[in-house]
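Using the working numbering, the final residue of the sequence shown is 867, and nothing's skipped along the way. Beta carbons are placed, not taken as given, at the ideal position from N, Cα and C, and that holds for glycine.
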Amino acid sequence: MGNARPASFMSDASFDWLYPEWIQQMSRRHWTPMGIAKKAAGFLAAEEGKKILDIGSGVGKFTLIGAHYHPRSFFYGVEQRSELHHYALSAKEYTGTENATFINQNFTQVNLAAYDHFYFYNAFFENLTTHGRIDHRIEYSDSLYHYYSRFLYKELDRKPAGTRLVTFHSSEDEIPPSYQVVDTSADFLLKMWMKR
Ligand SMILES: C[S@@+](CC[C@H](N)C(=O)[O-])C[C@H]1O[C@@H](n2cnc3c(N)ncnc32)[C@H](O)[C@@H]1O
């Protein structure tokens, strides 16, 4: 692998060192664990040269790990919070991960038709719980949860057969019946889906 800082990708702890302490403290609850990220990325990047989008990419943990281990695939992350986006860019630069791209937008503003496969770590759930929120700078509501879930559902339903999706901790509200589970982790928290 051609990245400048391969040591950052050795463990969750070494990856966490890319970020300030307050971001590290959120890691266990909000960012994908290294082993899960590797497994998810392996499924999504099964075919080289594809574009993989992390919907709600936070500080870029999944995107960077996927890009590092699959240098011939293109990993993207879209994140609504500019501060988290900023830390993702810094971590990309520090690790020299060239095939990772970060977009600072609400995912509803992104053309999802331009991506082949998707990763989704329960990004909209923050609208349903007051526990452990990342910050208090954005609006949260049940109706936003339903709006986002419905939006993603419709977009995923439009994708061609063979589209791959990985969910982690999903309530599955955003998954159309055209997607079939093809693999799961033993605890069923991680699910690999394929569009029929
Ligand atoms: C549970 S974190 C997962 C972060 C990253 N995918 C990872 O696994 O390391 C979910 C992220 O989704 C972001 N998010 C939630 N709703 C979003 C939206 N509508 N558009 C873009 N980002 C969103 C949150 O700001 C948060 O950073």
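For Tyr758, DSSP records no beta bridge to any residue. The beta-carbon distance between Ser728 and Ala684, rounded to whole angstroms, is 21 Å. This is too long to meet the 8 Å contact definition.
Here the distance from the Cβ of Arg821 to the nearest heavy atom of ligand 1 is not below 7 Å. A direct Cα-Cα distance of roughly 11 Å separates Thr772 from Glu764. Scanning the segment 700-776 from its first residue to its last, the whole beta strand (DSSP E) runs of 3-plus residues come out as 722-726, 745-750, 771-775. Shortest Cα-Cα distance from Ser856 to any of Met681, Trp864, Val749 involves Trp864. Between Lys732 and Thr703, the C-beta gap is smaller than 8 Å, which places the two residues in contact. Relative to ligand 1, the beta carbon of Trp702 is positioned inside 7 Å of a heavy atom. The three-state reading of DSSP puts Tyr790 in strand, counting E and B together. DSSP places Lys825 inside the alpha helix (DSSP H), whose first and last residues are 813-829. Secondary structure of Thr779 (DSSP, three-state): helix. Distance between Val781 and Glu750, taken at the CA atoms: about 10 Å.
Checking the DSSP bridge columns, you'll see Phe839 partnered with Leu861.
For Gln695, the three-state secondary structure derived from DSSP is helix.
For Lys830, same chain residues with a beta-carbon under 7 Å away, outside a window of 5 residues either side, are Lys866 in chain order. Distances from the CB of Gly720 to the heavy atoms of ligand 1 are all 7 Å or more. Here DSSP, grouped into helix, strand and coil, assigns Asp844 to coil. In the DSSP assignment, Asp854 falls within the beta strand (DSSP E) that extends over 850-855. In this structure, Leu836 is the residue among Val730, Gln696, Ile805, Leu836 with its C-alpha nearest to the C-alpha of Phe714. In this model, Leu815 and Phe822 are separated by some 10 Å (Cα to Cα).
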